[in-house]
Each structure stands twice: as structure tokens, then as C-alpha cells.
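Trainee:
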Amino acid sequence: MKICPNCGHENDENVKFCENCGAELTAVAETPTPDAVDSGQQKRCPRCQTPNSQESRFCENCGYDFATQGTEQTTMPDQETAGSEPTAPESTTSEPTTSEPTPKPMTSDATNEQVRTTTPVTSGKTPTTETAPTKGKQPKWQWLISALLLILLIGGGIYFLQRDTSHTAKPTASHTERKTPRQSQTSSSSRQTSHAATTSFDRSAVESDITTAFKSLDGTNSAYVSPVNGQQQVVVNNGAQSSASSIKVFILVTAYAMAKEGVFNLNATHTLTASEKVGGTGVIQNMSDGTKLTYREILKHMIDDSDNTGANIMIAKMGGFGLINNKIKNMGATDTKLQRKMMDTDAIDQGRDNLTSARDLGMTLKKLYNHQLVSKSADDEMLAILADNQNRTKLPKLLPSSAKVYNKTGEYADYGVQNDAEIVANRHGAFVAVVLSQDGHEADQVAAMNQLGLKLYQNILE
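Using the numbering used here, the letters of the sequence shown map in sequence onto residues 8 to 469.
#1: Using three-state DSSP, classify E17 as helix, strand or coil.
#2: Closer than 7 Å by C-beta to Q458: which residues in its own chain qualify, once you throw out the five before and the five after it? Chain order, please.
#3: With 16 as the cutoff for other CB atoms within 10 Å, does N13 come out buried or exposed?
#4: Assign G29 to buried or exposed, taking buried as 16 or more other Cβ atoms, counted over all protein chains shown, within 10 Å of its Cβ.
#5: Under 8 Å: do the region 442 to 459 and the region 358 to 367 share three or more Cβ pairs, one atom per stretch?
#6: Here's the rule: buried if 16 or more other CB atoms are within 10 angstroms of the residue's CB, otherwise exposed. What is I430?
#7: If you compare alpha carbons, which of H308, V235, G70, T416 is closest to S250?
#8: Kindly identify the DSSP beta-bridge partner or partners of P234.
#9: Do you know offhand how far W150's Cα is from L156's?
#10: Are the region 297 to 314 and the region 253 to 261 touching by the rule of at least three beta carbon pairs closer than 8 Å?
#11: Do you know whose CA, among M325, K50, V260, C25, lies nearest M338's CA?
#12: Return the first residue and the last residue of the alpha helix (DSSP H) that T261 is part of.
#13: Can you list, in chain order, the residues of its chain whose CB lies under 7 Å from that of Q397, leaving out five sequence neighbours each side?
#14: Which ranges does the beta strand (DSSP E) cover as unbroken runs of at least 3 residues, wholly within the region 295 to 349, from first to last along the chain?
#15: Counting beta carbon pairs with one atom in the region 260 to 279 and one in the region 210 to 219, are three or more of them shorter than 8 Å?
#16: When you compare only the Cα positions, how much space is there between Q379 and V235?
#17: With a CB to CB cut of under 7 Å and the five nearest residues on each side skipped, what residues in its chain are close to K334?
#18: Beta-carbon within less than 7 Å of E449's beta-carbon, same chain only, minus the 5 sequence neighbours each way: which residues are those?
#19: Going by alpha carbons, who is nearest to S60 out of Q49, D72, N466?
#20: F24 and E17: beta carbons closer than 8 Å?
#21: State the beta-bridge partners of Y413 as determined by DSSP.
#22: Taking the Cβ atom as the reference point for each residue, do N245 and S233 lie within a distance shorter than 8 Å?
#23: Does the separation of the CB atoms of G286 and D314 fall below 8 Å?
#24: Starting from T278, trace the beta strand (DSSP E) both ways and give me its first and last residue.
#25: Out of H435, K404, I331, H277, which one is the CA nearest neighbour of K299?
#26: Q49 lies in the beta strand (DSSP E); which residues open and close that run?
#27: With DSSP collapsed to three states, give me the class of N457.
#28: Quick check on the burial criterion: 16 or more other C-beta atoms within 10 angstroms. Buried or exposed for T352?
#29: When we look at the beta-carbon of K9 and count the other beta-carbons within 10 Å, is it buried (16 or more) or exposed?
#30: Can you list, in chain order, the residues of its chain with a C-beta nearer than 7 Å to that of I161? Leave out the 5 residues immediately preceding and following it.
#31: Do L306 and I165 come within 8 Å of each other at the CB atom, strictly closer than that value?
#32: Using CA coordinates, which residue listed in G447, M456, Y231 is at the minimum distance from K404?
#33: Provide the residue span of the beta strand (DSSP E) that contains S223, from first to last.
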């Protein structure tokens, strides 16, 4: 009989492969005689049936520990025999249910079952044992992911609960936005009341409004329109035109610029003389000779009452045409020139008139509103003066009372000149609009400005 070294099965002498497990038997030695084992000289390994000397603790063939005899099953081999690795025959009709053709691996990731593997060792060495993770015990990273997911779920629930609560508590807006067909697609709900608010600005609508306003006017007409917080603008027929009293805006800015430089004192007192008084608009001409006014007061009259006497006093006290024109040029107003005093009709007849352009006035007002002209305090003070202007008969005339207006007009009806330069603001934002009209008819010019001012307000700020 041949004993299989792999499973211990007894096979016939003439077979080459184990009938039980298919292991090759050609290199296996003949089974020792039963007499040697039965006589007590040797002991048989219960696992592989190999005879061993009585003094051996471990099986010389498979390494079995005789000290554990009776506790280990022999029907399922769980390690390879010493020597070559057993191979199964290519064709097998059936497999025993108690063993596999090839040894099992030490651990199985799919089942996470605990497996004890006895490593074959040479005689005299203690076998080692490896243990796979206990079934059902999850790695630490899986617990960590589970904890993070739980935190996210709890946090998300709290966030959405608070959001829903805040939305429920928020009162419904009472104001309904009114839009015209030509209004920009920009939602008015995104606009702010600050200077940096984003206003709706539809260029095509603005251009159409200006074209409609100008089509019935004679003479030369120009316009500038731009939101205060962006680079968008519409400029129509820009060029140097008669400024009339609109030039007083540049006199005002020059005075505050010189005060900032320390070369002019706005709080200094001026004593009024008879020779300084001129006609036209203003109240200073009606004051008694010898009346004392600070230059700050004179500037306020010059803007709010369009005071011609006050403008002439400031021109003289600040250094004359040359100095003021240099300041105007430094502002970037390249079309603007101060060439005569107020009510100097002789200069007009000689071709020396005060000139400005829609763009110069518009850009100056835009810088002023954004505190980019002189300084924040100076610009705020000048805006306060413009806000008190008494003449609102042109561009701002049809605007609602909720609109905040800063403007300065210019008019010289005898020469067909009607101008207006304004900043208009409300809770949605602000924009600048300038219209210069000369060689026209006053009634037509003023009516056109009234309608244009309203259309621009509706398109940009409503």
C-alpha cells in the first residue's frame, strides 16, 4: 500500500496519484511495515499516516505536533506538504467534499473568517501561526467615514431648517418694481442704495430716448448719460458748446481744489463793492455795498442761485482765467474754457464765450459723486451745495419726490442756450445726465429736457 503524504489516504501499489486528493505518489516511499508500528518502535502521524520515531514531537513528513494529537481533524489538510507543491490532475470526474485539490490561502478577504495556518518547519523548530481579522470587525477608516457622513447630515438638516425659518420670518416686500418695455434685463432686486449699486443701463433704450428728445429741436444739441458706478456711457454729438452758467461747476471745483492745496481760504471774508455787481441771476447784486460774505457763502450762492456777481468775485479772487483754466485742464475737462466773466456780452460779440461739453460736465459730476475729484470731504460739501440748487425746471422737473437730485443749469435765452447737468439717485443707484442745447427755442428745449429726464429715470432707476 502507498500512503498519500498529502491526505494520508491508503492507495494501491500500482497507482501514481492519490485516489482521494490527486497528489502524485511516485516519489513517496513505500509504507513501513505494520510490524514496526505495531511493535511500538514507531508512531504513526494521524494526519499523513507517516511512521515516526517515538521520540519525535513533530511529524518528519508534515510537521504535525504530536502534543495536540486528538484535537485536530485530519480530513481537511490546511497546509502544503514539505517538498513540491501538489497539483491536481487536469481531468477529474468528481471532488471529495472533505478536501480541495490545492491548499487554501491563509486568509480570505471576502469572508473575513479567522483561519489558523501551521507553517511547515524543519525538525526542531516551532511552527508559527497567523490570524486573520475577526469576522464583523470593521476597519477604522470605515468608522471615520460613517462619522463624517453623520455630521454632514446633521449639519445640513440644521442649515435648511434655519433657512426655512428665516424665509418664513422675512416680511414680504411692499414695493413692486415698475418696468418699461425698454428696461434692461438686469433685475432691479440686485440694485443697492449705495454709490456702488448696480443700475440697469440699456444703451439702446438710452440712445432711443435721446434721439426722440432731440428730433424736434433746432440748433446744436448734445448729451451724455452714464451710471455712476460703471464705464458704460452714451455720448451724443459731443463737442464744445456755449456753457452759460454751467461753467460755474468748474469754478466751484477749482475753489475747493485750491483750498485743499492751501492756497485759498474758503472761510476768508470778502467785502462787497458796487463795482462787482452785475445783472442777470443771483441775489448778491441786491445786497448792500460793504456786505461781508465768506467765499464759502459766495460759492453756495453761485450754484444754488446761479449768482453771476458771486461767480465774477470768485474768478477775480482765485487768480483769473489762466489759473482757473489750468485747474480745469488738470481735471481732464479738455473742451472747457473760461474766457469771459458773467454778463460780458461784449466778449460774446467778439467771439470769446465760455465753453464746455456734455462729456466734460458728465465726467466731472461722476468723479464728484464717487469722491474722486478733490477729496471725500470736499466732494461731499460740493454735492451738498448742488443738492440745494433752486432751478429744477429742466431734466429733473418730472421726477418723483423720492429721487435725490444734484444739478446745475445754464441758460442764456437771448443766445438760445439751455443747459442742464444732473446726478439723479434713488435706492436703486445713481446716474449722470447732461444736455447742452444752443441756437434753439427755449420752450422746445425745456419741454424736451423734461421728457428726456423722466425717460432716463424710468429706464435706469425703475
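All residues carry an ideal CB built from backbone N, CA and C; glycine is no exception.
Mentor: Judging by the given coordinates:
#1: Locating residue 17 in the sequence shown gives position 10, counting from the first residue. If DSSP states are grouped into helix, strand and coil, E17 belongs with the strands.
#2: Counted from its first residue, the sequence shown places residue 458 at position 451. Counting only Cβ-Cβ distances below 7 Å, and skipping sequence neighbours, we find A220.
#3: Taking the first residue of the sequence shown as 1, we reach residue 13 at position 6. N13 should be labelled buried.
#4: By 1-based counting over the sequence shown, the position of residue 29 is 22. That one is buried.
#5: yes
#6: Here residue 430 corresponds to residue number 423 of the sequence shown, with the count starting at 1. The residue in question, I430, is buried, as its Cβ has 16 or more Cβ neighbours within 10 Å.
#7: To locate residue 250, count along the sequence shown from 1; it is residue 243. The option with the nearest alpha carbon to S250 is T416.
#8: Locating residue 234 in the sequence shown gives position 227, counting from the first residue. DSSP lists F438 as partners of P234.
#9: On the sequence shown, residue 150 is found 143 positions in, with the first residue counted as 1. On the sequence shown, residue 156 is found 149 positions in, with the first residue counted as 1. Each residue's Cα considered, the two are about 10 Å apart.
#10: yes
#11: Position 331 of the sequence shown holds residue 338. The shortest Cα separation from M338 among M325, K50, V260, C25 belongs to V260.
#12: Locating residue 261 in the sequence shown gives position 254, where the first residue counts as 1. Its alpha helix (DSSP H) spans residues 255 to 268.
#13: Counted from its first residue, the sequence shown places residue 397 at position 390. Same-chain partners within the cutoff: D311, D312.
#14: 299 to 301
#15: no
#16: To locate residue 379, count along the sequence shown from 1; it is residue 372. To locate residue 235, count along the sequence shown from 1; it is residue 228. Approximately 12 Å, taken between the alpha carbons.
#17: Position 327 of the sequence shown, counted from the first residue, corresponds to residue 334. Cβ within range, chain order: T261, A264.
#18: Here residue 449 refers to the residue found at position 442 when the sequence shown is read from its first residue. A420, Q425.
#19: Looking up residue 60 in the sequence shown gives position 53. Closest by alpha carbon: Q49.
#20: Locating residue 24 in the sequence shown gives position 17, counting from the first residue. Locating residue 17 in the sequence shown gives position 10, counting from the first residue. No, the pair does not count as a contact, with Cβ atoms beyond the cut-off.
#21: The residue given as residue 413 occupies position 406 in the sequence shown. The partner list for Y413 (beta bridge, DSSP) reads I430.
#22: In the sequence shown, residue 245 corresponds to position 238, counting from 1. In the sequence shown, residue 233 corresponds to position 226, counting from 1. The answer is no: Cβ separation not under 8 Å.
#23: As a working mapping, residue 286 is identified with position 279 in the sequence shown. As a working mapping, residue 314 is identified with position 307 in the sequence shown. Not closer than 8 Å, so no.
#24: Taking the sequence shown and counting its residues from 1, the one referred to as residue 278 is at position 271. Looking at the DSSP string, the run of the beta strand (DSSP E) that includes T278 is 276 to 278.
#25: Here residue 299 corresponds to residue number 292 of the sequence shown, with the count starting at 1. With distances taken between Cα atoms, K299 lies closest to H277.
#26: Indexing the sequence shown from 1 puts residue 49 at position 42. Segment 49 to 51, the beta strand (DSSP E) holding Q49.
#27: The count along the sequence shown starts at 1 and reaches residue 457 at position 450. Residue state, collapsed to three classes: helix.
#28: Residue 352 sits at position 345 when you count from the first residue of the sequence shown. T352 comes out exposed.
#29: For the purposes of this step, residue 9 is identified with residue 2 of the sequence shown, where counting begins at 1. The residue in question, K9, is buried, as its Cβ has 16 or more Cβ neighbours within 10 Å.
#30: Within the sequence shown, residue 161 is the residue found at index 154, counting from 1. For I161, where only same-chain residues beyond five positions count, there are no Cβ hits under 7 Å.
#31: To locate residue 165, count along the sequence shown from 1; it is residue 158. To locate residue 306, count along the sequence shown from 1; it is residue 299. Not in contact: I165 and L306 (Cβ atoms no closer than 8 Å).
#32: Within the sequence shown, the letter at position 397 stands for residue 404. Checking every option, the nearest Cα to that of K404 belongs to M456.
#33: The residue you call residue 223 lines up with position 216 of the sequence shown. First-last for S223: undefined, no H or E at that position.
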